[in-house]
Amino acid sequence: MRSLPALLLALLLAAPALAAAPLAHREILPNGAVLLVAERPAIPIVVVRVSMPGGSVRDPADALGLANLTADSLTRGTARRSGPELDRAIEFVGGSLEADAGRDSATLTLSVLKKDLTLGLDLLAEVLLQPAFPADEVTRRIGEIQAGLRQSEQNPETVAGRALGALVFPGHPYGRPAAGTIESVGKLTRDQVVGFYRLHYRPDGANIVVVGDVTTAEIRQALMQRLSGWTAPATPLPAIPKPLAVVPVESRTITRDLSQTTVMLGRPSIRQDDPDYFPLGMATYVLGGGSASRLYMRVREERGLAYSVYSVIQPGRYGSSSVVGLQTRNDSVTQAVQLVRDEMARIGREPVTAAELDQAKSYLIGSFPLRLDTSGKLARFLGAVEEGGLGLDYPERYKESMARVTVADVQRVAAKYLDPATFESVMVGK
Amino acid sequence: MPRTRALAILGLTLLVALVSGATAQQPLAAATRLPVTEATLDNGLRVLVQEDPRNPIVAVQILYRVGSRNERPGATGLAHFLEHLMFKGTPTRGRGEISRLIELNGGRENAYTTKDTTGYFANIVADRLDLILEIEADRMRNLLLDPAEIASERKVVMEERRMRAEDDPDGAVDEAMNSLAFKASPYRWPIIGWMVDIARINPTELRAFYNTYYQPNNAVLIVVGDVKTADVLARVRRHFGAIPRGAAPPPVTAIEPPQTDERRLVMRKDGAQLPVVNIAWHVPNHTSPDAPALELLSTILSEGRASRLYRRLVYEKRMVLGAGGEYSYSSLDPSLFWFYATPLPGQTPEAVEQALMTEVEQLKQEPVPAEELQRARNQIEASFVWQQDSVFSRASVLGRFEMLGSWRLLDDYLPRLRTVTTADLQRVARTYFPADRKNVSILLPAEPAPAPAR
């Protein structure tokens, strides 16, 4: 097994379409929700993904973890059915109905065989519009989330990621722990959950992505029939501030009795609406984006210092970060980190070779179809394009923008966004 | 009041689904499987091709019939180490060149090692199929195995072991459980190998292992995607046809003796935050008539929030963060039926072990309700349909069954599950889960520091 950086939205969005056919049909429903449909009739399955502005970025400062708790509690009972009854109904047909909160959004996802679509949509609408948030279910979820947070302390990458977020996004919601802390979650109440749901699970700002064995006409009708009562509350959503573009550089060491040290470097970065995003994506790929990258070759292949070493951009709706990371045994940390910092500096100091640029373009443009090869992946991609305000022609624009990137562009943005002197640093280990 | 009405509605739904479960789903799962063409080259290479023109991509997988079960004590981790070295070059493609070439062509590749199999896969735009075939044919017999590369990659594998086992409490206790439960079977050592073996294995052993197992007659090549079968077979013959057949690899002769005792271990890890309780029994693999019942039991116990262990231990008793019961239907040698649970803070491992055993005893004492059995069948059948959604998962499923003898076993899998009755489930639980012959492993967080003396 060889490690590859987690499949990130950055890569997903770094994706041009080969075919000129539109990825999906798009329309705005009367209640303000955006409907996106990709018909894939070959396999009798359907994914319905409803995404709403209820991510952890909207946690009140004194109620961290509220978005996560709300999403977690959504499927735990409705006006008509208990949580276990919902579970039995959907699982009996081999389907699933899951809600979860990410950084930017809360998402309710139905996965079901085509023949059970009616049942699935009934359950989805019931959960979305009439959740009961039974008090004992919310209490139960609080205990489970707290235990999960405690368990996550034994994963050094999770620990490092949380600490890095706080350094890269000081004072911004992105810098706070998405699921809250054991203490903050312990103070949350059912009333807060209900209030959060009412304000954020709203059609204006929502998108509904449907991928699978359906026609647009049939799914539009089925959704309108069930979601006609879903209307936007009068209270507008507060705006989310932009994170700081420049933050003080700090380093943090978290001591753990481990044989390896996990190192993560990070800084504020740019998202897809900045033209520099395209050359930066290329620079990030050349630096540490795969098994042919500079970091992989120098740190892993030549010196055997790490199993995992990578660089990525993590763009969100309201901000972005560039992250470079590795895991290495405790006594080689200094050497490995120096190699990484040297490579980060070098890509801003010297132009990449023409061969490297060609390689990066071929990979980033050519691997697109692989990233949309399942209904689930296509649904997530369409949701991300919609939420990012990128437009359904984004893949084409991306392809064109990427193809235009020059060696000089790569060097210029690398000098600006990959300069090691501007990166926060977190180490978890001895 | 609303509760009663909801139940009635649910009951109606169940009735409809029960009927469809027995009839409509059978053709559904079968209908979504596209035709497969099989061929065997003169040198013994097995080839499976499935045309799927929906996306302009192809999944190529080559599986070697070698895993950690083909190793010996003192040289554990050979198969996995060799998997890493398969990316380190041939006379015509230097270190890193294989990955670079595939990425240059917009492809994604990786590899894995299991107890039974070593697999290499690439997903790429369909018109680049030739590149992948050329690479796989090249590294099947022409691997450099340069001692300097071996020395450097040895350190990488050691880092991987630190991440997966030394520093991961769950990984560490899993390793310990396998060594506890298996005495004669090679399943007793970890796939990645013991650290001392990784540090010791020499280039000569790696070369011998490569020559023994990386032969066309010990491999299966699977191609699924936007391709034409005749064209694929012609290309495969061109790239692999000239490779001579190798000697038949030696069979694995180790047989695990029946367990006659109860075995237990307790592991303390500083890094662990919550305990883990594992209970495992030896069970037969797919070759046994009881395998479908074991497969269904695993689903009944673990799949979804309506599953037994979730409903009872997580939901009703509020004892654990998570729990499950896993079975390896397609394991080459008989393996374990493995129950696990993570006690919530405040719950003792002893109480959780007892709660797991209560569930096991109930499987023996009371028949599983028909609804639970039907749900499990429906879940497995639906997951079969979902697996048809990508060329990668199509290829993986074909490969998984071909490694058991034939991809055609795939067509028996669902019909076998449909014959299982609730009486079978009860009988199988009684046969394979004896209370006095189990393996128990418990992970405990570090003991709290003793209170300072006054």
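Chains as they are written, first to last, in this note's numbering: chain C, 1 to 430; chain F, 431 to 884. Glycine residues also receive a C-beta, built at the ideal position from the N, C-alpha and C atoms. Since the structure is predicted, the reported quantities are computational estimates derived from the model, not experimental observations.
Cβ neighbours of residue i in the same chain (closer than 6 Å, five flanking residues each side left out)
i, result
"C:PRO173", "VAL57"
"C:VAL286", "VAL352, GLU356, ALA360"
"C:GLU27", "LEU35"
"F:THR547", "LEU493, GLY497, MET833"
"F:ASP568", "THR520"
Alpha-carbon to alpha-carbon, residue j and residue i
i, j, result
"C:THR253", "C:LEU305", "20 Å"
"F:THR861", "F:VAL798", "16 Å"
"C:LYS430", "C:VAL193", "40 Å"
"F:SER761", "F:PRO633", "29 Å"
"C:ASP116", "C:GLY102", "28 Å"
"F:ALA469", "C:MET402", "42 Å"
"F:PHE822", "F:VAL654", "8 Å"
"C:THR118", "C:VAL127", "14 Å"
"C:ARG371", "F:PRO680", "40 Å"
"C:ARG226", "C:VAL299", "55 Å"
"C:ALA336", "F:PRO722", "50 Å"
"F:TYR740", "F:LEU751", "9 Å"
"C:THR215", "C:ALA206", "21 Å"
"C:ILE43", "F:GLN817", "10 Å"
"C:THR262", "C:VAL309", "10 Å"
"F:LEU828", "F:ASP841", "10 Å"
Residue i burial status per 10 Å Cβ neighbour count (16 or more: buried)
i, result
"F:GLY776", "exposed"
"C:MET224", "exposed"
"C:GLN260", "buried"
"F:GLY387", "Nothing in the structure corresponds to residue 387 of chain F, since chain F is present only between 431 and 884."
"C:ASN330", "exposed"
"F:THR849", "exposed"
"F:ARG885", "The structure shown has nothing for residue 885 of chain F, since chain F only spans 431 to 884."
"F:ARG888", "A question about residue 888 of chain F goes unanswered here, because the residues of chain F that appear run from 431 up to 884."
"C:VAL333", "buried"
"C:PRO395", "buried"
"C:GLN65", "At residue 65 of chain C the sequence reads Gly, which differs from the Gln that was named. By the neighbour-count rule (16 or more Cβ atoms within 10 Å), C:GLY65 is buried."
"F:LYS518", "buried"
Cβ-based neighbour list, residue i, same chain, cut-off 8 Å, excluding 5 preceding and 5 following
i, result
"C:PRO134", "ARG76, GLY77, SER82, GLY83"
"F:MET749", "LEU743, ALA771, PRO773, LEU774, GLN777, ALA781, VAL782, ALA785"
"F:GLN809", "THR729, GLU733, GLY734"
"C:GLY54", "ALA67, THR70, ALA71, ALA101, SER105, ALA106, PHE196, TYR197, HIS200, TYR201"
"F:THR852", "PRO797, VAL798, PRO799, ALA800, LEU803"
"F:LEU874", "VAL696, MET697, ARG698, LYS699, ALA702, PRO705, PRO779"
"F:ALA859", "LEU727, VAL790, LEU793, LYS794"
"F:VAL555", "PRO486, ILE487, VAL488, ASN535, GLY536, GLY537"
Nonlocal neighbours in the same chain, by C-beta distance under 7 Å from residue i, ignoring five residues either side
i, result
"F:ARG694", "VAL870"
"C:GLN146", "ILE182, VAL185, GLY186"
"F:ALA505", "ASP627, ILE631, GLU635"
"C:LEU326", "VAL263, VAL299, ALA306, SER308, VAL309, ALA336, VAL340"
Residue-chain proximity (residue i, chain C), Cβ-Cβ < 9 Å
i, result
"F:LYS545", "no"
"F:PRO775", "yes"
"F:VAL586", "yes"
"F:ASN500", "no"
"F:THR453", "Residue placement at F:THR453 is flagged as unreliable, the pLDDT there being 36, under the threshold of 50; the coordinate-derived value follows with that caveat. Output row for F:THR453: interface = no."
"F:GLN456", "Per-residue confidence for F:GLN456 stands at a pLDDT of 45, beneath the threshold of 50, marking its modelled position as unreliable; the derived number appears in the next sentence. No, no contact with chain C."
"F:ALA781", "no"
"F:THR506", "no"
Any chain F beta carbon closer than 9 Å to residue i
i, result
"C:LEU305", "yes"
"C:LEU92", "The amino acid at residue 92 of chain C is misidentified as Leu; the sequence shows Phe. Yes, because at least one Cβ of chain F sits closer than 9 Å to the Cβ of C:PHE92."
"C:PRO420", "no"
"C:ALA222", "no"
"C:SER73", "no"
"C:ALA147", "yes"
| Three or more C-beta pairs closer than 8 Å, one from the region 85-97 of chain C and one from the region 216-232 of chain C: is that the case here? | No contact exists between the region 85-97 of chain C and the region 216-232 of chain C.
| request: Tell me, please, whether the region 500-513 of chain F touches the region 620-635 of chain F by the rule of three or more beta-carbon pairs shorter than 8 Å. | output: Yes, they touch.
| said: Under 8 Å: do the region 597-617 of chain F and the region 564-582 of chain F share three or more Cβ pairs, one atom per stretch? | reply: Because the criterion of three Cβ pairs below 8 Å is not met, the region 597-617 of chain F and the region 564-582 of chain F do not touch.
| request: Would you be able to state if there are at least three C-beta pairs under 8 Å between the region 403-419 of chain C and the region 231-246 of chain C? | output: Short answer: they don't touch.
| query | Touch check for the region 597-609 of chain F and the region 672-691 of chain F: three-plus C-beta pairs under 8 Å? | reply | Verdict: no, contact absent.
| the region 336-353 of chain C touching the region 409-418 of chain C, judged by at least three CB pairs closer than 8 Å | Cβ pair count under 8 Å is three or more, so yes.
| query | Taking three-plus beta-carbon pairs below 8 Å as touching, is the region 642-661 of chain F in contact with the region 476-496 of chain F? | reply | Contact annotation: the region 642-661 of chain F touches the region 476-496 of chain F, with at least three C-beta pairs closer than 8 Å.
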